[in-house]
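**Q**
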Amino acid sequence: MTDILFYILSALTLVFGLLVVANPFSRNPVTSAMFLVMTIVSMAGLFVLLHAFFLAVIQVMVYAGAVIVLFLFVIMLLDINEEEKRRFQVFGAVAGSIGLLSIAGVLVKTITTSGIGADRSPSLEGSTPLLGEALFTQYVLPFEIMGLLLLVAMIGVILLSKKELE
Amino acid sequence: MEVGLEHYLVVSSLLFSIGLLGVVLRRNLILIYMSLELMLNAANLALVAFSRFTDNLDGQLMVFFIITVAASEVAVGLALIVALFRRRQTTNVEDLATLKL
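Protein sequence lines, in the order shown, are assigned to chains X and Y.
Residues 1127 to 1292 in this note's numbering are what the first sequence spells out, letter by letter.
Residues 141 to 241 in this note's numbering are what the second sequence spells out, letter by letter.
#1: Kindly say whether I1134(X), judged by its beta-carbon, lies nearer than 9 angstroms to any beta-carbon of chain Y.
#2: Compute the Euclidean distance between the alpha carbons of L218(Y) and F1199(X), then round it to the nearest angstrom.
#3: Mind checking whether G1171(X) and L1138(X) have CB atoms under 9 angstroms apart?
#4: Rounded to the nearest angstrom, how far is the Cβ of G199(Y) from that of V188(Y), given a contact under 8 angstroms?
#5: Please classify V1163(X): is it buried, with 16 or more other beta-carbons within 10 angstroms of its beta-carbon, or exposed?
#6: In chain Y, which residues lie with their C-beta within 9 angstroms of the C-beta of F1262(X)?
#7: Got a sec? Which residues, its chain only, sit under 8 angstroms from T231(Y) by beta carbon, not counting five neighbours each side?
#8: Examine chain Y for any beta-carbon lying closer than 9 angstroms to the beta-carbon of S1152(X), and answer yes or no.
#9: Whose Cβ in chain X lies nearer than 7 angstroms to the Cβ of A215(Y)?
#10: Using a Cβ-Cβ cut-off of 8 angstroms (strictly less than) and excluding sequence neighbours within five positions of L1175(X), which residues of its own chain qualify?
#11: Go ahead and pull the three-state DSSP assignment for N168(Y).
#12: Determine the DSSP secondary structure at N184(Y), reduced to helix, strand or coil.
#13: Under 9 angstroms between the Cβ atoms of R166(Y) and S175(Y)?
#14: Considering only DSSP beta bridges, list what N232(Y) is partnered with.
#15: How would you list, in chain order, the residues of chain X whose beta-carbon sits under 7 angstroms from the beta-carbon of R166(Y)?
This is the structure in structure tokens:
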């Protein structure tokens, strides 16, 4: 049962991810943002299959709830829809796709032949209490630095968005 | 065949390649940012899979920190794009070639 779910969710993740970067029907950035939401949600399903329930919830809340909304705000603020008028460089696109396909082939071949998961079984139960305990004891310094980083990012964004930026 | 660590790593590497393809293929700065998010998510998936199959919680904590850094990175990056758009009226990378020799 979980194996079938894994195949369904990973197929959905990859198809939606492909539709984010190369949608044959629409070149509108809003469509890409919507497919990014679908990719994030399918990936949260994969996290649930890996028993990382807290991270699945965080993934949906932070990405689908905050990051994508930020993307949509900026897309609608800038009103970008002139991309389709551009000429498309066919040679560059084909060369880039071939290069990326070969990189993907090398990665997949390496993973499948390395035997990295040969004697491993899924064992960890990602319980939220254990995660919180590690976060506030062993990883308390990185946690505080994260808080500082968010403060710096907030101040930087306010400074960058000021009207009189020269 | 039972789903193991390799299956998750293959999905993760394919998603990473899709994100890299987006960075190479698209010419719009915002779409390049979305592709970067896809690549970060692929790394997150690999970390969670390793964490589950090696019985080690550190991978999940790493993902927690990566999500935080990605959120602040997107906020700053989009503010930069808005500031750039205000001066140049474009988000197309081919129009932003001031540093080109």
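Quick reminder that beta carbons are idealized off the backbone N, C-alpha and C, glycines included.
Given the structure is predicted, the values throughout are model-derived calculations rather than measurements.
**A** Let me spell this out:
#1: Chain Y contact via Cβ: absent.
#2: When rounded, the distance between both Cα atoms is 10 angstroms.
#3: In this structure, G1171(X) places its C-beta atom within 9 angstroms of the C-beta atom of L1138(X).
#4: About 6 angstroms separates the two Cβ atoms, so the contact holds.
#5: So V1163(X) counts as buried.
#6: Within 9 angstroms of the CB of F1262(X), no CB atom of chain Y is found; the nearest one sits about 11 angstroms away.
#7: Closer than 8 angstroms at the Cβ level, and outside the excluded window around T231(Y), lie N168, L169, I170, I221, L224 and F225.
#8: Output row for S1152(X): interface = no.
#9: Residues of chain X whose Cβ lies closer than 7 angstroms to the Cβ of A215(Y) are, in chain order, L1196, A1279 and V1283.
#10: If we look at L1175(X) and ignore the five residues flanking it on each side, its Cβ neighbours are T1128, L1131, F1132 and L1135.
#11: Reduced to three states, the DSSP call for N168(Y) is strand.
#12: In this structure, N184(Y) counts as helix in the three-state DSSP scheme.
#13: Yes; because the gap between Cβ atoms is below 9 angstroms, this pair is in contact.
#14: N168(Y), per the DSSP bridge assignment.
#15: What R166(Y) touches in chain X: V1147.
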